[in-house]
Amino acid sequence: MKLSFAALALSSALTSSAASAFVSPSRSIPAAFVPRTVGTVGTVGADAAAVDVAAPRATRTELNMADVLKLSDPNEELLNDVDVFIFDCDGVIWRGDSLIDGIPETLAKLRSMGKKMFFVTNNSTKSRKGYKGKFDSLGLDIPAEEIFSSSFAAAAYLEQTKFNESGKKVYVIGEVGIGEELDLIGADWFGGPGDKGKEPDMGKGGRLEHDADVGAVIVGFDREINYYKIQYAQLCINENPGCEFIATNCDAVTHLTDAQEWAGNGSMVGAIKGCTGREPTVVGKPGPLMIDYLADKLELDKSRICMVGDRLDTDVLFGTDNGLRTLLVLSGVTTEEKLLGPENSIAPDYYSDTINDFFMEVPANVEQ
Numbered sequence: 001m002k003l004s005f006a007a008l009a010l011s012s013a014l015t016s017s018a019a020s021a022f023v024s025p026s027r028s029i030p031a032a033f034v035p036r037t038v039g040t041v042g043t044v045g046a047d048a049a050a051v052d053v054a055a056p057r058a059t060r061t062e063l064n065m066a067d068v069l070k071l072s073d074p075n076e077e078l079l080n081d082v083d084v085f086i087f088d089c090d091g092v093i094w095r096g097d098s099l100i101d102g103i104p105e106t107l108a109k110l111r112s113m114g115k116k117m118f119f120v121t122n123n124s125t126k127s128r129k130g131y132k133g134k135f136d137s138l139g140l141d142i143p144a145e146e147i148f149s150s151s152f153a154a155a156a157y158l159e160q161t162k163f164n165e166s167g168k169k170v171y172v173i174g175e176v177g178i179g180e181e182l183d184l185i186g187a188d189w190f191g192g193p194g195d196k197g198k199e200p201d202m203g204k205g206g207r208l209e210h211d212a213d214v215g216a217v218i219v220g221f222d223r224e225i226n227y228y229k230i231q232y233a234q235l236c237i238n239e240n241p242g243c244e245f246i247a248t249n250c251d252a253v254t255h256l257t258d259a260q261e262w263a264g265n266g267s268m269v270g271a272i273k274g275c276t277g278r279e280p281t282v283v284g285k286p287g288p289l290m291i292d293y294l295a296d297k298l299e300l301d302k303s304r305i306c307m308v309g310d311r312l313d314t315d316v317l318f319g320t321d322n323g324l325r326t327l328l329v330l331s332g333v334t335t336e337e338k339l340l341g342p343e344n345s346i347a348p349d350y351y352s353d354t355i356n357d358f359f360m361e362v363p364a365n366v367e368q
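Below is the structure:
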């Protein structure tokens with residue numbers, strides 16, 4: 001049975017009253033939420049569905065390194081002027097499956113101040129329901145309506161563009177999160193975990209038959225990616241007229257464990273770009289879909305929202321491109337050396353070691 005877009009707001013088991021503020025059955029995502037086509041990360045392609053976004057704030061070409069300030073007086077520099085915090089998850093709240101020290105206390109303090117919080121992740125391996133389970137397993141009581149993933153964004157994009165009305169199917173490279181979100185909108189999809197371990201016939205005269213009714217290929221992070229999936233995706237995109245190429249994100253690396261960085265979804269997306277010559281529509285950060293969704297549903301003032309993340313080319317760019325305040329934390333993939341280095345051209349408003357620095361002690365000024 002096809003579910004309305006309202007089903008995207010929460011899993012059926014999570015029906016808090018706050019959810020009604022997020023999704024009303026009578027409201028659909030505005031057309032402005034159709035994301036931009038992105039080539040290299042941060043580069044907007046010439047797409048008829050592109051949206052206008054706020055002019056980016058100053059970049060490294062306009063600043064010197066001294067202008068990127070480390071947070072030193074959180075109340076004056078941040079907390080007094082921010083009503084809403086949007087947190088990335090990997091590298092900000094946790095690393096791999098390990099919670100970063102001090103996070104529960106910091107989140108509790110922000111709630112006690114009346115700050116609204118949302119958790120937006122580019123990781124598509126879980127649905128919002130799945131991420132609720134991860135938060136719970138780490139001892140964090142985060143309401144489901146505060147959680148947004150790029151798997152949700154992919155389904156929301158298809159819902160907005162009325163994909164189901166085309167009668168077409170979706171082929172998925174990715175894990176269970178994408179499929180769970182597609183099920184909520186009643187999309188006809190296949191692939192994903194179901195194509196684990198498959199091998200195409202590459203003997204003499206061998207060929208891989210593909211479904212001519214596939215109208216969209218979604219590429220998300222997939223630890224079971226294989227040549228069969230790559231070949232199937234390229235056949236759909238190259239041979240099915242009008243087939244869309246959708247990427248949940250183009251992150252170069254990700255945190256599978258807390259011991260090292262691992263190749264991210266950018267490697268999977270890159271494989272499909274390489275064999276199709278096509279640029280994907282990117283529905284996760286730094287695209288505008290998720291922030292426009294939040295701002296529209298809750299009537300938020302973007303100038304009083306702060307995006308907090310550990311990546312320059314997704315999290316900080318997501319903030320600067322969409323008119324938000326930005327803060328980079330050094331608890332994830334970006335080092336201080338990389339942030340302040342001459343090769344970086346993306347400047348956050350502030351940076352700090354972790355979000356625990358929001359409540360650092362500020363030395364009193366002593367008059368001489």
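Residue numbers (our numbering): 1 to 368. Quick reminder that beta carbons are idealized off the backbone N, C-alpha and C, glycines included.
Rounded C-alpha distance that separates residue i from residue j
| i | j | result |
| --- | --- | --- |
| residue 274 | residue 125 | 23 Å |
| residue 70 | residue 331 | 14 Å |
| residue 354 | residue 335 | 12 Å |
| residue 241 | residue 277 | 15 Å |
| residue 287 | residue 203 | 42 Å |
| residue 256 | residue 195 | 22 Å |
| residue 43 | residue 350 | Confidence is the limiting factor: at residue 43 the pLDDT is only 34, short of 50, which leaves the residue's position unreliable, though a coordinate-based value still follows. So the alpha carbons of these two residues sit roughly 23 Å apart. |
| residue 337 | residue 132 | 34 Å |
| residue 324 | residue 309 | 12 Å |
| residue 208 | residue 160 | 32 Å |
| residue 100 | residue 329 | 12 Å |
| residue 327 | residue 135 | 22 Å |
| residue 292 | residue 302 | 9 Å |
| residue 295 | residue 198 | 42 Å |
| residue 108 | residue 139 | 12 Å |
| residue 102 | residue 142 | 16 Å |
| residue 356 | residue 128 | 25 Å |
| residue 253 | residue 137 | 24 Å |
| residue 110 | residue 210 | 51 Å |
| residue 344 | residue 306 | 21 Å |
| residue 239 | residue 231 | 12 Å |
| residue 168 | residue 279 | 21 Å |
| residue 180 | residue 158 | 14 Å |
Buried versus exposed, by CB contacts within 10 Å (16 or more), residue i
| i | result |
| --- | --- |
| residue 260 | exposed |
| residue 290 | buried |
| residue 298 | exposed |
| residue 156 | buried |
| residue 269 | buried |
| residue 348 | buried |
| residue 352 | buried |
| residue 360 | exposed |
| residue 175 | buried |
| residue 342 | exposed |
| residue 112 | exposed |
| residue 322 | buried |
| residue 72 | exposed |
| residue 265 | buried |
| residue 333 | buried |
| residue 2 | The pLDDT assigned to residue 2 is 40, lower than 50, so where the model puts this residue is not dependable, and the model offers no usable value. |
Sub-8 Å separation of residue i and residue j beta-carbons
| i | j | result |
| --- | --- | --- |
| residue 220 | residue 151 | yes |
| residue 283 | residue 154 | yes |
| residue 358 | residue 78 | yes |
| residue 272 | residue 312 | no |
| residue 170 | residue 182 | yes |
| residue 88 | residue 315 | yes |
| residue 227 | residue 193 | no |
| residue 243 | residue 215 | yes |
| residue 285 | residue 122 | yes |
| residue 118 | residue 93 | no |
| residue 229 | residue 178 | no |
| residue 304 | residue 97 | no |
| residue 68 | residue 340 | yes |
| residue 115 | residue 148 | no |
| residue 213 | residue 95 | no |
Closer than 7 Å: residue i CB and nearest the ligand MG heavy atom
| i | result |
| --- | --- |
| residue 279 | The ligand MG is not among the ligands present in this structure, which contains no ligands whatsoever. |
CB contact below 8 Å: residue i versus chain D
| i | result |
| --- | --- |
| residue 258 | No chain D appears in the structure shown, which is made up of a single protein chain. |
ask   = What are the uninterrupted segments assigned as alpha helix (DSSP H) that are 4 or more residues long and contained completely in the region 250–288, given in chain order?
value = Here the runs fully enclosed are 265–276.
task = May I have a chain-ordered list of the beta strand (DSSP E) segments no shorter than 3 residues that lie completely inside the region 149–195?
result = 169–173, 189–191, all fully within the region 149–195.
task = Would you check if there are 3 or more beta carbon pairs closer than 8 Å linking the region 182–190 to the region 161–171?
result = A contact exists between the region 182–190 and the region 161–171.
key: alpha helix (DSSP H) runs contained entirely in the region 85–112, provided each spans 4 or more residues   = For the region 85–112, whole alpha helix (DSSP H) runs of length 4 or above, ordered along the chain, are 103–112.
request  = Evaluate the contact criterion for the region 243–252 versus the region 212–231: three or more CB pairs, one atom per stretch, below 8 Å.
outcome  = Touching, per the Cβ criterion.
inquiry  = Going residue by residue through the region 302–338, where are the continuous beta strand (DSSP E) segments of at least 3 residues, counting only ones entirely within it?
reply    = Here the runs fully enclosed are 305–309, 325–329.
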